[in-house]
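Q: Per the numbering used here: the sequence shown = residues 36 to 197. The beta-carbon is built from N, C-alpha and C at its ideal position, and this holds for glycine as well. What you are looking at is a predicted structure, and each value in this text was computed from that prediction instead of being measured. Got a structure here, written out as structure tokens. Questions coming.
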Amino acid sequence: MRGIPVRQIPISLPTADETRAFGRACGRVVQPGTVLALSGRLGAGKTTFVEGLAQGLASSEEVSSPTFALAACYAGGRLPLYHLDLYRLGEAVKQEVDWLDEYLYSDGVAAVEWAELLGALLPADRLDVYLEDEGGAGRMAYVAALGRAASTVLEAWMQLWR
Ligand SMILES: Nc1ncnc2c1ncn2[C@@H]1O[C@H](COP(=O)(O)OP(=O)(O)OP(=O)(O)O)[C@@H](O)[C@H]1O
Ligand SMILES: [Mg+2]
Numbered sequence: 036m037r038g039i040p041v042r043q044i045p046i047s048l049p050t051a052d053e054t055r056a057f058g059r060a061c062g063r064v065v066q067p068g069t070v071l072a073l074s075g076r077l078g079a080g081k082t083t084f085v086e087g088l089a090q091g092l093a094s095s096e097e098v099s100s101p102t103f104a105l106a107a108c109y110a111g112g113r114l115p116l117y118h119l120d121l122y123r124l125g126e127a128v129k130q131e132v133d134w135l136d137e138y139l140y141s142d143g144v145a146a147v148e149w150a151e152l153l154g155a156l157l158p159a160d161r162l163d164v165y166l167e168d169e170g171g172a173g174r175m176a177y178v179a180a181l182g183r184a185a186s187t188v189l190e191a192w193m194q195l196w197r
């Protein structure tokens, strides 16, 4: 079966602060169960985006680059934020779905770095955020909503983002 083509929205992010602001806008509109699948090469800005996301959720906790094991939880905001980084798991990620699913299907918000490693094991209803380092200064983000709940969040997010 062929998938329905998904519209990707391109967003220009000239500075790291803009990446953070873009994440912050997202944090203001995410809903219980929202999943953000973040992809892009090393250093593309995924963690920077999650820093903003936590700010938008009004979490007082500081986001660190996940030198933590694999998952960090930030409480204290409008919704709990689960920050996952699958990089170290690599292909082994497919054996870890049992505990990963607890974060991916939760009443909080999940932000997953290196989400592409999960492939088809990702929740069907999610926001895909692909970050691209264009070589020079700045980044491009390509955002797409897969599923009904994600579409509602994306609409609110884009209204907030000038
Ligand atoms: N829009 C942007 N323009 C320029 N630099 C940016 C932008 N967004 C983030 N950066 C910078 O890119 C660097 C890497 O960012 P970050 O750690 O968020 O990437 P990452 O995708 O999480 O990397 P990793 O793959 O190692 O997890 C940081 O120095 C950050 O400040
Ligand atoms: Mg990172």
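1) Taking the alpha-carbon positions, what's the Q90 to A145 distance?
2) R123 to A107, Cα distance in whole Å?
3) Considering only residues of the same chain and omitting the five flanking positions on each side of W196, which have a CB-CB separation below 6 Å?
4) Specify, as a first and last residue, the run of the beta strand (DSSP E) that S74 falls within.
5) Whole angstroms is fine: what's the gap from V128's alpha carbon to L153's?
6) Is the closest heavy atom of ligand 2 to the C-beta of T82 under 6 Å?
7) Note down the Cα distance separating R42 from A180, rounded to an integer number of angstroms.
8) Would V132 be called buried (16 or more neighbouring beta carbons within 10 Å of its own) or exposed?
9) As a quick exercise: from A93, L77, G170, A184, pick the residue whose alpha carbon is nearest that of G58.
10) Please report the distance separating the alpha-carbon of W192 from that of R76.
11) Using only alpha-carbon positions, find the residue among S141, G62, A72, Q66 that is nearest to V178.
A: Taking the structure as given:
1) Each residue's alpha carbon lies about 14 Å from the other.
2) For R123 and A107, the distance between alpha carbons rounds to 14 Å.
3) A60
4) Counting along the chain, the beta strand (DSSP E) containing S74 begins and ends at 70-74.
5) 7 Å
6) Flag set: Cβ of T82 near ligand 2.
7) 8 Å
8) If you draw a 10 Å sphere on the C-beta of V132, you find fewer than 16 other C-beta atoms in it, and that means exposed.
9) A93
10) 24 Å
11) A72
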